[in-house]
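With UniProt numbering as the guide, the letters of the sequence shown map in order to residues 1 to 345. Here a beta-carbon is modelled for each residue, glycine too, at the ideal position from N, C-alpha and C. Treat the numbers as computed from the prediction; the structure is a model and nothing was measured. First up is the structure itself, then whatever we jot down about it.
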Amino acid sequence: MDENLQKYSQYRVADFLGDDAFIRWAQYPNEWNGQEWAAVLAAFPEKQADIQRARELAIALGAQETAPALADRKEWLWQQITANSIDKKHRVPVLLLRRWKPLLAAAAVLLVLCYAGYEAFLHTTREVKTGFGSQAMVNMPDESEIMLNRHSSIAYSRLWNAARSREVELTGEADFKVKHVAVPGKTTMADSFRVHVNKLTITVLGTEFNVRSRRGQTAVTLRQGRLRIDFANATQAPVYLLPGEQYVYNEAAPAQAVKQAASVNKASAWKQQTLILEGTGVKDIVEMLEDEYGYKVVVKNPAILTRKIRGSVPVKDISNLFFVLQNILDVNIEQQGNTLLITDK
Numbered sequence: 001m002d003e004n005l006q007k008y009s010q011y012r013v014a015d016f017l018g019d020d021a022f023i024r025w026a027q028y029p030n031e032w033n034g035q036e037w038a039a040v041l042a043a044f045p046e047k048q049a050d051i052q053r054a055r056e057l058a059i060a061l062g063a064q065e066t067a068p069a070l071a072d073r074k075e076w077l078w079q080q081i082t083a084n085s086i087d088k089k090h091r092v093p094v095l096l097l098r099r100w101k102p103l104l105a106a107a108a109v110l111l112v113l114c115y116a117g118y119e120a121f122l123h124t125t126r127e128v129k130t131g132f133g134s135q136a137m138v139n140m141p142d143e144s145e146i147m148l149n150r151h152s153s154i155a156y157s158r159l160w161n162a163a164r165s166r167e168v169e170l171t172g173e174a175d176f177k178v179k180h181v182a183v184p185g186k187t188t189m190a191d192s193f194r195v196h197v198n199k200l201t202i203t204v205l206g207t208e209f210n211v212r213s214r215r216g217q218t219a220v221t222l223r224q225g226r227l228r229i230d231f232a233n234a235t236q237a238p239v240y241l242l243p244g245e246q247y248v249y250n251e252a253a254p255a256q257a258v259k260q261a262a263s264v265n266k267a268s269a270w271k272q273q274t275l276i277l278e279g280t281g282v283k284d285i286v287e288m289l290e291d292e293y294g295y296k297v298v299v300k301n302p303a304i305l306t307r308k309i310r311g312s313v314p315v316k317d318i319s320n321l322f323f324v325l326q327n328i329l330d331v332n333i334e335q336q337g338n339t340l341l342i343t344d345k
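Right under this line is the structure:
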């Protein structure tokens with residue numbers, strides 16, 4: 001038997017509630033994780049009661065307006081278990097059960113209301129944002145991975161299943177590693193993964209790619225797999241990308257869009273907290289500092305903006321970039337609060 005399944009033979013309610021895969025299935029059910037837990041139930045039918053109880057508690061946790069932090073989750077769930085457990089070693093007299101009938105009926109109604117609330121919760125949109133200077137990894141319900149760059153956001157429906165395509169709305173920049181879920185001989189809506197950004201729709205099937213959308217310009221760079229780009233203007237033919245290709249689209253000048261060969265390492269270097277400069281203009285660097293770190297950059301001499309730089313700079317500590325700019329451009333960079341003042345030496 002698969003070792004990943006065997007561990008569940010020893011699980012009790014508290015163990016299931018401490019399992020991230022179980023919580024993901026309980027709170028974000030879909031065809032893929034549903035198959036996994038159907039296999040668990042088939043292998044260990046005696047665990048059905050524990051799984052059902054744990055699932056009800058996980059749903060209650062997910063439906064809270066403010067859920068406990070991850071570190072506090074197990075303690076909160078254990079309190080729920082101990083507060084609602086019945087000692088099976090003792091038989092409850094029939095008379096006592098009759099006295100509890102009204103409370104049991106009320107509990108049943110509450111359970112129905114909780115389930116209805118959970119159903120409504122599934123149809124809401126989840127949004128994940130990063131602030132200036134911060135990045136985040138987002139694990140999607142289908143196990144796809146999205147890494148958000150600084151000052152970026154994604155939004156998606158909490159309800160992901162085979163009845164609908166996987167849809168994400170992006171603002172800013174993100175790197176995508178999309179899980180291939182298509183089953184041979186079976187086509188479902190969920191086979192498609194779509195990213196909506198700046199009047200473009202990017203459709204993929206098991207693909208790794210980077211999307212950067214800033215100041216009305218979007219650059220899509222494909223590392224591997226297949227990718228199709230559709231336009232809000234339905235009369236425009238879709239664009240197809242192969243690995244190592246990039247499509248650059250400007251909302252203000254769509255006719256000037258271009259498909260070109262690109263360095264996939266450069267496009268996703270931000271994931272390693274690195275800035276790769278290949279004849280990059282200072283103007284582009286200034287815009288990056290404003291868009292991703294929230295600085296207001298003032299350049300006293302406009303000629304500085306036309307200079308170009310080559311090299312690789314680690315930017316985990318942004319002061320490294322300031323040091324490089326000062327020495328290569330022979331300028332002074334003075335920080336006054338959230339403002340950077342760049343002047344000739």
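Quick one: Cα of residue i to Cα of residue j, how far?
i	j	result
residue 347	residue 141	In this structure the chain extends from 1 to 345, so residue 347 is not present and cannot be described.
residue 170	residue 229	14 Å
residue 4	residue 17	16 Å
residue 296	residue 267	24 Å
residue 126	residue 26	16 Å
residue 299	residue 214	20 Å
residue 327	residue 305	15 Å
residue 279	residue 307	9 Å
Identify which residue in the options has its Cα closest to the Cα of residue i.
i	options	result
residue 335	323, 329, 328	323
residue 346	180, 130, 157, 158	The displayed coordinates of the chain run from 1 to 345. Any statement about residue 346 would go beyond what the structure contains.
residue 222	128, 204, 153, 132	204
residue 224	242, 287, 195	242
residue 195	338, 165, 180, 319	165
residue 276	321, 57, 151, 33	321
residue 264	155, 220, 136	220
residue 258	267, 218, 269, 288	218
residue 216	237, 249, 231	249
residue 207	297, 180, 13	180
residue 247	9, 212, 281, 54	212
residue 301	157, 342, 338, 7	342
residue 21	33, 44, 304	33
residue 346	282, 281, 328, 271	Since the first residue shown for the chain is 1 and the last is 345, residue 346 is missing from the structure and cannot be characterised.
residue 201	210, 175, 328, 167	167
residue 245	209, 154, 151, 10	209
residue 53	136, 40, 37, 13	13
residue 238	253, 252, 199, 175	199
Determine the DSSP secondary structure at residue i, reduced to helix, strand or coil.
i	result
residue 45	helix
residue 301	coil
residue 145	strand
residue 20	helix
residue 220	strand
residue 6	helix
residue 236	coil
residue 178	coil
Would you call residue i buried or exposed, if buried means 16 or more other Cβ atoms sit within 10 Å of its Cβ?
i	result
residue 319	exposed
residue 313	buried
residue 240	exposed
residue 310	exposed
residue 55	buried
residue 234	exposed
residue 144	buried
residue 46	exposed
residue 261	exposed
Would you say the beta carbon of residue i comes nearer than 7 Å to a heavy atom of the ligand ZN?
i	result
residue 288	With respect to the ligand ZN, the structure offers nothing, as it holds no ligand at all.
TODO: Starting from the N-terminal side, write out each stretch of the alpha helix (DSSP H) that is 4 residues or longer and does not extend beyond the UniProt domain "Protein FecR C-terminal" (275-342).
DONE: If one requires a minimum length of 4 residues, the alpha helix (DSSP H) runs lying completely within the UniProt domain "Protein FecR C-terminal" (275-342) are 282-293, 319-329, in chain order.
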